[in-house]
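Here is the structure we will look at.
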Amino acid sequence: MSVLTKDAASPAKDWKVTMNPDDLYKNPMDIAWTFKYLMSGDKVEDLYKRAKQNQWDSDDLLPWDTQVDPSKPLINDRSDIYHQMPFFKKLSKSQQETFTAHSTAQLLSQFLHGEQGALMTAACVTHSVPDATAKLYAATQTMDEARHVEVYAKYCEKIAIVYPMSLWLKALIDATLKSDRYEKVMIGMNMIVEGLALGAFNNMYRTTQCDLLKKLTFNVMRDESRHVSFGHAYLGPVIAKLKEDEVEDLADFAFQAVSILTHGGTAGTLASQIDPGFLAVLDNSGIDHKDFFKGLQEAQEAGITQELPPGQIHSVKDLMMPALARVGLLTPTVRKKYEEAGIPVFDDPRVLQAMEGGDPVAA
Ligand SMILES: [Fe+2]
Ligand SMILES: [Fe+2]
Numbered sequence: 033m034s035v036l037t038k039d040a041a042s043p044a045k046d047w048k049v050t051m052n053p054d055d056l057y058k059n060p061m062d063i064a065w066t067f068k069y070l071m072s073g074d075k076v077e078d079l080y081k082r083a084k085q086n087q088w089d090s091d092d093l094l095p096w097d098t099q100v101d102p103s104k105p106l107i108n109d110r111s112d113i114y115h116q117m118p119f120f121k122k123l124s125k126s127q128q129e130t131f132t133a134h135s136t137a138q139l140l141s142q143f144l145h146g147e148q149g150a151l152m153t154a155a156c157v158t159h160s161v162p163d164a165t166a167k168l169y170a171a172t173q174t175m176d177e178a179r180h181v182e183v184y185a186k187y188c189e190k191i192a193i194v195y196p197m198s199l200w201l202k203a204l205i206d207a208t209l210k211s212d213r214y215e216k217v218m219i220g221m222n223m224i225v226e227g228l229a230l231g232a233f234n235n236m237y238r239t240t241q242c243d244l245l246k247k248l249t250f251n252v253m254r255d256e257s258r259h260v261s262f263g264h265a266y267l268g269p270v271i272a273k274l275k276e277d278e279v280e281d282l283a284d285f286a287f288q289a290v291s292i293l294t295h296g297g298t299a300g301t302l303a304s305q306i307d308p309g310f311l312a313v314l315d316n317s318g319i320d321h322k323d324f325f326k327g328l329q330e331a332q333e334a335g336i337t338q339e340l341p342p343g344q345i346h347s348v349k350d351l352m353m354p355a356l357a358r359v360g361l362l363t364p365t366v367r368k369k370y371e372e373a374g375i376p377v378f379d380d381p382r383v384l385q386a387m388e389g390g391d392p393v394a395a
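Dropping the structure here:
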């Protein structure tokens, strides 16, 4: 994998993308027809109506003529562990700014790639979910995700760089798309990946200095809050009717997916050291890999950690885990697995509920 770059002035067709054999696979999902077309009259139908009413066209809504300087940091957040490292503070101001600009570009690239994953999972749910209202809702989500791919691709064109998809994010979405039941696709996407995304979007919304990125993120977040609600409104009652062994199978799938996320790549973990995109960020900032990771290790040994400023959201603690807990996917059996894996379990749904209420920044 390599970093995709282009001259900001050159046409989009100049982008070069090479297909990797790992990016082509089959999924074992059943496809379900239904001939009961009556709408459900429940929360899923409400979500479908909200989705219809809240469609938007980025061409009309977003100020695409905003000038974006790709060499300048797009965010003013310095709370991550990298900016706390004594090693980092010794770098020149221009090197620090370059790192911040490129690491933000790397994050935006993950938004873009993740949205493509969401587009495919939503299409997958559309054809495999047996309920008519859920099918229609999933179709609206598919359109939402297409719009999200469009806006992030367009924004990445403005900053003239796309970093490769992080290995852990690819692994997480691949595991979701390769699963054998639509319930697992919804767990992987509508609860885990979208919980993660909603938190990351909220933090980007609060910290970016770019007017275009702020408006873009706000509108994407409004859609995402519906997608997370769908996971709860539809899957909750479905799971409640399943046999115990089927619930355990889903709970174990959720555990495996969370493990990929928590042990595979959050910032500052070992995975960053082998993530080609992150290494490319260091290269583009003129920072030696060994020096950087030595500095990171020293910072961690000195007890320096990432503290989220007020208003920012912890995706796993505030969104993802509570979403799994409230549909019954933190069973006693699987709670032991989380404990053995050293993954803390959280089940306070307040932040999640506030963000689902239609105002994604209410939390
Ligand atoms: Fe999305
Ligand atoms: Fe989504």
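Residue numbers (my numbering): 33 to 395. Backbone N, C-alpha and C define an ideal beta-carbon position, used for all residues, glycine too.
- For Ile193, does the three-state DSSP call read helix, strand or coil? Reduced to three states, the DSSP call for Ile193 is strand.
- Can you grab the Cα-Cα spacing for the pair Ser90 / Val181, in whole Å? Put simply, the backbone Cα of Ser90 is about 11 Å away from that of Val181.
- Does DSSP put Ile107 in a helix, a strand or coil? Strand.
- Item | Distance cut-off 8 Å: Glu182 Cβ against heavy atoms of ligand 1 | Remark: the shortest separation between the CB of Glu182 and any heavy atom of ligand 1 does not fall under 8 Å.
- Does the separation of the CB atoms of Phe324 and Lys349 fall below 9 Å? no
- Classify Thr240 as helix, strand or coil using the three-state DSSP reduction. strand
- Item | Cβ-Cβ separation, Ala272 to Gly360 (assumed contact under 8 Å), whole Å | 7 Å
- Smallest Cα separation from Ala357: which of Val183, His264, Thr337? His264
- Item | Leu362 versus Lys190: straight-line alpha-carbon distance, rounded | 42 Å
- Just the Cα atoms here: how many angstroms apart are Leu70 and Lys167? So the alpha carbons of these two residues sit roughly 12 Å apart.
- Message: Quick check: what's the CA-CA separation for Leu106 versus Glu330?
- Response: 28 Å
- According to DSSP, is Leu293 helix, strand or coil? helix
- Item | Rounded straight-line distance, which links the Cα of Val260 to that of Gly231 | 11 Å
- Query: Which same chain residues, not among the five before or five after Asn316, have their C-beta less than 6 Å away from its C-beta?
  - Reply: His134
- Item | C-alpha gap between Ala64 and Met218, whole angstroms | Roughly 15 Å between the two C-alpha positions.
- Message: Within a Cβ cutoff of 6 Å, which residues of the same chain sit near Ala149, ignoring the five residues on either side of it in sequence?
- Response: The amino acid occupying residue 149 in the given sequence is Gly; Ala does not appear at that position. Same-chain partners within the cutoff: Ile205.
- Query: Taking 8 Å as the cut-off, is the CB of Asp281 close to at least one heavy atom of ligand 2?
  - Reply: no
- Residue interval of the alpha helix (DSSP H) (run including Leu201): 199 to 209
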